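One structure is given below, encoded as structure tokens.
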Amino acid sequence: MQSKRFSKFFPAIFLFIDLMFLNIGFVVANYVRFDTFWFQGDRYPFLFAFLNVAWVVIFIVTKLDKVDREKSIVDYISQILLALTINLAVVFAMWASTRAYFYSREHLFYTYLIFSVFVIGWRVGFINILRFYRKKGYNVRNVAIIGYGPIGRSLKRHFLEHPEIGYVFKGFFDHKSDHPSVTGAVEDIEEFSVSNNIDVIFCCLPKLYDEDVKRLVDFAENNLIKIKLLSDFSKVSNRDLQIQRYGNIPVLDVGHIPLDRMYNRVLKRLFDIVFSSLVMIFLLSWLVPIIGLLIKWESSGPVFFIQNRHGRGNKYFPCWKFRTMVVNKDSDLKQATKNDARITRIGGILRKTSLDELPQFINVFLGNMSVVGPRPHPIKLNEEFSPKIDRFIQRHAVKPGVTGLAQAKGYRGETARFSEMYGRVKLDRFYVKNWSLWFDVKIIVLTVYSIIFETDKAY
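In our numbering, the protein residues as written are 29 to 487.
Okay, structure coming up:
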């Protein structure tokens, strides 16, 4: 066990540097907006204090004081973005509830722009420096694995392939200690741990008896060694498993998905509101009248095509689109196909460019859709394929999206073959189980690329 652990100073260091950059952002915003580094008037000192207190509280609530060795850079950035989004929402809630409209929005914009850039930059830089430091053999933890089986060997391979997380493998221990790769029997782990300064013991449960686990937990707690229990969850595809407690009984929830968590849903909803508002203000406000006139000029009928589709929880909602076909009685029964005679000329352009989907940002703003999620299928299509594809219904565990992982990967337009729908649903299920804000951003970028360069399936 290492005698010096500098990680205990991380929370204070992180908070100090975060607040330093927040206050630098505030002071620079003063200069940009008011041409002075000092406070403007007698109201801005309160805003200065409020921003600092709000960040301290959110820093603690979102656990930004912790740096998990196992966490990826992307997950770490997502955690920081979550904290920044919540903090900004709190500030705007204060601004609206107290009617503090005298505060400059431009000032707040520059404060948070500078703060966000610096806080993400310095923290990512720190993590990369820390990982480089660990690769050189510093800030490492000595580990032993009990159980020489597939799980234990996979864990050892992970440690060797990722030296940046700083786990140094010291040996296997097993009831069958005659194998050349096994350092000793399970009973030998206690003496070995003391003499080799073991920091963490990983116990593979299939290889241990109940009395072994109890004895090892008691030993670890008496020697300030961390002990971690493993089991074989490789057959469970969900990476976001969650431990629940029923009394004193721990239960593993294999059906848990990231958007079951309240703060994830709040984060995604805030993103949806901001994104859809920007689209409606800067795009739909002038584009709807133009497209509406073109649609009406070419064919009679409404500008919008509104169709009930399945949403979250398999509940119906009215899905908005620009009308791209002549009015026909088969619109709810028959998918659009290549060279479909029902599609108008302007409708073909709208479908090719995916502009026909833009009104769905109204659905996003109202809350029955999200910017990113599984695309809502026509009801007849769901009824046809739901009995044929295992876990089809899982795509309805979250809100449907204007775009989704399947569309970003090229599954646009008609799904005439079973393989096409199966591939789409498989990607939808992956999205549901692996959601993150960063994942949403990547899907949006991939969707834009797909619209521009992959138009062969858009009809």
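No residue lacks a Cβ here, since even glycine has one placed at the ideal position from N, Cα and C. The structure displayed is predicted, hence computed values, not measured ones.
- According to the DSSP secondary-structure assignment, W348 is paired through a beta bridge with I334.
- Contiguous alpha helix (DSSP H) elements confined to the segment 431-470 occur at 433-436 and 446-461, taking only those with 4 or more residues.
- I101 is the residue among G375, F446 and I101 whose C-alpha sits nearest the C-alpha of I155.
- Counting along the chain, the unbroken beta strand (DSSP E) around A172 starts and ends at R169 to I174.
- Annotation: V294 to F467 spans about 16 Å, alpha carbon to alpha carbon.
- For S182, the enclosing alpha helix (DSSP H) starts and ends at P178 to E189.
- DSSP places S382 in no alpha helix (DSSP H); its state is neither H nor E.
- Spatial neighbours of I142 in its own chain (CB-CB distance under 6 Å, excluding positions within 5 residues in sequence) are listed in chain order as G53 and V56.
- The C-beta distance from E134 to R159 rounds to 38 Å, too long to meet the 8 Å contact threshold.
- R423 counts as buried, since at least 16 other C-beta atoms from the protein chains shown sit within 10 angstroms of its C-beta.
- Relative to the Cα of Y140, the nearest Cα in the group G401, E189, R97 and I114 belongs to I114.
- Per DSSP, the unbroken alpha helix (DSSP H) holding S304 starts and ends at M290 to V307.
- Listed in chain order, the beta strand (DSSP E) runs fully inside the segment 234-259 are 254-258, counting runs of at least 3 residues.
- Less than 8 Å separates the beta-carbon of R337 from that of I407.
- DSSP, read as helix, strand or coil, puts Y140 in helix.
- The shortest CA-to-CA distance from A213 to any of A425, D202 and F38 is the one to D202.
- The DSSP-derived three-state label of M122 is helix.
- With respect to the 8 Å criterion, Y439 and R452 are classified as neighbours on the basis of their beta carbons.
- Spatial neighbours of R61 in its own chain (CB-CB distance under 6 Å, excluding positions within 5 residues in sequence) are listed in chain order as S132, E134 and H135.
- Taking a cut-off of 8 Å for Cβ pairs, the segment 379-391 and the segment 309-321 touch, as three or more such pairs fall below it.
- Sequence-distant Cβ neighbours of F345 in its own chain, meaning closer than 6 Å and more than five residues away, are G339 and N396.
- Sequence-distant Cβ neighbours of Y59 in its own chain, meaning closer than 7 Å and more than five residues away, are F65.
- DSSP places Y195 inside the beta strand (DSSP E), whose first and last residues are Y195 to F201.
- Short of 7 Å from the beta carbon of H190, and not among the five residues preceding or following it, lies no beta carbon of its own chain.
- A residue is called buried once 16 or more other Cβ atoms fall within 10 Å of its Cβ, and V476, having fewer, is exposed.
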